[in-house]
Amino acid sequence: MISIRNLSKKFGTKEVLHQIQLDYEQGKVYGIVGENGAGKTTFFRCIAGLEDYEGEISSDLTPLKNHLGLLLTEPFFFPKITGKEYLQLLCQARDVQISNMEDKNVFDLPLNQYAATYSTGMKKKLALTAILLQGNEYFILDEPFNGVDIQSNILITEIIHQLKALNKTVIISSHIFSTLSDTCDEIHVMNQGNLIKSVQKPDFAILETEIKQMTLGKKLDKLGLT
Numbered sequence: 001m002i003s004i005r006n007l008s009k010k011f012g013t014k015e016v017l018h019q020i021q022l023d024y025e026q027g028k029v030y031g032i033v034g035e036n037g038a039g040k041t042t043f044f045r046c047i048a049g050l051e052d053y054e055g056e057i058s059s060d061l062t063p064l065k066n067h068l069g070l071l072l073t074e075p076f077f078f079p080k081i082t083g084k085e086y087l088q089l090l091c092q093a094r095d096v097q098i099s100n101m102e103d104k105n106v107f108d109l110p111l112n113q114y115a116a117t118y119s120t121g122m123k124k125k126l127a128l129t130a131i132l133l134q135g136n137e138y139f140i141l142d143e144p145f146n147g148v149d150i151q152s153n154i155l156i157t158e159i160i161h162q163l164k165a166l167n168k169t170v171i172i173s174s175h176i177f178s179t180l181s182d183t184c185d186e187i188h189v190m191n192q193g194n195l196i197k198s199v200q201k202p203d204f205a206i207l208e209t210e211i212k213q214m215t216l217g218k219k220l221d222k223l224g225l226t
């Protein structure tokens, strides 16, 4: 379990997270939705120990960062490291030995090519493969489906289902509601740094309708399409 109590974060005088309280249980998949700038990525970076914050984040396994796989929206790669070397580097960071690296290449990536030359989708798939091979217990996936081809989206969805079956904890953000509906047990709605709603699976359809209504409003009418 990951327990979050009174989590707040400021950049200067601007508060980007306000008194967040959540519990993430083992064997469950959680989604987070919110507009750009709502605070989702900052929230993830706080959990991963990449940002200072006020409040408390605790977990059954400590330190949390040593058991957490974080997939960023735009993963970073050194300019002269191949895909294979990147996988080896992240596995070594967890003292995990992988002898048959090519067999683990489920996304069919060019592992002998420099990772910096990969497309956006390929970089995301490489970074995801790396945190999966580490054997983490907790996973944070920030927009894992964005920029990835449809075949890989299907595979990523099934990977998330398998992580759940293995009793892992998975937290996902996505602007594609259907991907969250297919994978999540619970969805949290974030707005301007505040957690404003938690929705269980039976009410996902209602939440989707609410999001559409809030997003569209009368904006289409303003276009005057005929």
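The opening position of the sequence shown corresponds to residue 1 in full-length UniProt numbering, with each subsequent residue numbered one higher.
All residues carry an ideal CB built from backbone N, CA and C; glycine is no exception.
Just so you know, these numbers come straight off a predicted model, no measurement behind them.
Alpha-carbon to alpha-carbon, residue j and residue i
i, j, result
"residue 64", "residue 5", "15 Å"
"residue 10", "residue 131", "29 Å"
"residue 126", "residue 46", "23 Å"
"residue 48", "residue 192", "20 Å"
"residue 37", "residue 43", "11 Å"
"residue 98", "residue 204", "39 Å"
"residue 3", "residue 50", "17 Å"
"residue 133", "residue 220", "45 Å"
"residue 62", "residue 216", "43 Å"
Element boundaries [alpha helix (DSSP H), containing residue i]
i, result
"residue 176", "Run containing residue 176: none; DSSP gives neither H nor E here."
"residue 40", "40-47"
"residue 1", "Looking at the DSSP string, residue 1 is not in any alpha helix (DSSP H), and its letter there is neither H nor E."
"residue 70", "Here residue 70 belongs to no alpha helix (DSSP H); instead the beta strand (DSSP E) covers 68-71."
"residue 221", "219-223"
"residue 101", "Unbroken run through residue 101: none, as it is neither H nor E."
Check whether residue i and residue j have beta carbons under 8 Å apart
i, j, result
"residue 187", "residue 207", "yes"
"residue 180", "residue 33", "yes"
"residue 24", "residue 184", "no"
"residue 26", "residue 1", "yes"
"residue 141", "residue 71", "yes"
"residue 75", "residue 116", "no"
"residue 144", "residue 123", "no"
"residue 84", "residue 128", "no"
"residue 157", "residue 28", "no"
"residue 82", "residue 118", "no"
Opening and closing residue of the beta strand (DSSP E) in which residue i lies
i, result
"residue 140", "138-142"
"residue 194", "194-200"
"residue 19", "14-24"
"residue 53", "Per DSSP, residue 53 belongs to no beta strand (DSSP E) and is neither H nor E."
"residue 187", "186-191"
"residue 32", "29-33"
Burial state of residue i (16 or more Cβ within 10 Å)
i, result
"residue 136", "buried"
"residue 199", "buried"
Nearest-angstrom beta carbon gap, residue j and residue i [assumed within contact, 8 Å]
i, j, result
"residue 17", "residue 39", "5 Å"
"residue 92", "residue 101", "The Cβ separation is near 12 Å, so there is no contact."
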